[in-house]
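Position one of the sequence shown corresponds to residue 999 (our numbering), numbered consecutively onward. Structure first, then comments.
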Amino acid sequence: MASGFFAILDDIAALMDDVAVTSKIATQKTAGILGDDLAVNAEKATGFLSSREIPVLWAITKGSFINKLIILPVVFLLNWLYAPAINYVLIAGGLYLAFEGVEKIIEFLFHRDKKGHEVVEEIVEDEKSDEEIEKAKIKSAITTDFILSVEIVIIALGTVLEESHPFITQILVTSLVAFIATVGVYGIVALIVRMDDAGFKLIKKSNDKGFFGMLGHFLVKALPVVIKALGVIGTIALIMVAGGIFSHRIEFLHYVLPSWSSNEMLTILKEIILGLVGGLFAVALFTMGKGVVSLVKKK
């Protein structure tokens, strides 16, 4: 009995050791996507009133956990039933990310300053719909997180499959990487969005003197710069992730400009170009669809 019990413990220890080693490899392979995930979600979690930042971030974090709970079993099931289906899901997700990124660029380039009654109407509309705007931003952040999470989970699962690990190890490793992704990304985002509050507290406790006073002022002044930078980085990240999905998941595009594959900078440029083209296509498709819906409603 005792020997059987210790044999089970030994198997569990070996399994945990296998999970730890494989999780480390999988996390390293998903590091790029995690960086993009951080940039995108930090940008989406900012721009709210100070009192709403943490509640909004918590709502997005809960949404991210729910995303993982949906994605993990679905990915395992799809991989078992029909593995190519994952490819189509990723491509569709890539189109959505490209659409979001390109839409932001179009809005930035062609946004015109509003005057007179347009400004008044916009202000009245904003005052009436603060809660709706917040909900819309949370929904957008959770949707984007869903697509990035799908890629993180698939990359993690792919790492385990390459090593031919047993099914239980596949589940544990992929789930662990998904959990680390959520906790790590949104933990760092929480630190970023509360940077100015930390600065104000340092200024107050140091009586605005010495090193901590200077550090407090630096944190307060740095936050708007960080938010703007994250906005730019987040938009580029959306396009790059989308381009990467198109390049690796669409066979024809994978072999476009093959000479660029040997150079890391050219590979990044290729992904950005593919992301931009895919985004323009998605925006055109969305605009046409919107126009058709409007015509149908008028009739």
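Just so it is clear, CB atoms sit at the ideal spot from N, CA and C, and this is done for glycine as well.
Buried or exposed: which applies to residue i, given that a residue is buried once 16 or more other Cβ atoms fall within 10 Å of its Cβ?
i            : result
residue 1187 : buried
residue 1285 : exposed
residue 1080 : exposed
residue 1105 : exposed
residue 1295 : exposed
residue 1118 : Residue placement at residue 1118 cannot be trusted, given a pLDDT of 42 that sits under 50; what the coordinates show is reported in the next sentence. Label assigned to residue 1118: exposed.
residue 1177 : exposed
According to DSSP, is residue i helix, strand or coil?
i            : result
residue 1295 : helix
residue 1081 : coil
residue 1253 : coil
residue 1206 : coil
residue 1166 : helix
residue 1248 : coil
residue 1065 : helix
residue 1285 : helix
residue 1050 : helix
Starting from the Cα of residue i, find the closest Cα among the options and give me that residue.
i            : options                   : result
residue 1063 : 1174, 1108 and 1102       : 1174
residue 1053 : 1071, 1135 and 1073       : 1135
residue 1236 : 1086, 1058, 1091 and 1083 : 1091
residue 1165 : 1137, 1061 and 1077       : 1077
residue 1277 : 1291, 1107, 1180 and 1240 : 1240
residue 1181 : 1059, 1051 and 1050       : 1059
residue 1095 : 1145, 1167 and 1262       : 1145
residue 1280 : 1068, 1073, 1093 and 1051 : 1093
Self-check item: contact_flag[the segment 1207 to 1223, the segment 1181 to 1197] where n(CB pairs < 8 Å) is 3 or more
Solution: yes
Exercise. Say whether the segment 1241 to 1251 touches the segment 1202 to 1214, bearing in mind that this needs 3 or more beta-carbon pairs closer than 8 Å, one atom from each stretch.
Key: no
Quiz item: Between the segment 1276 to 1285 and the segment 1256 to 1264, do three or more beta carbon pairs fall short of 8 Å?
Solution: no
Quiz item: Any contact of the segment 1264 to 1277 with the segment 1097 to 1104, i.e. 3+ C-beta pairs under 8 Å?
Solution: yes
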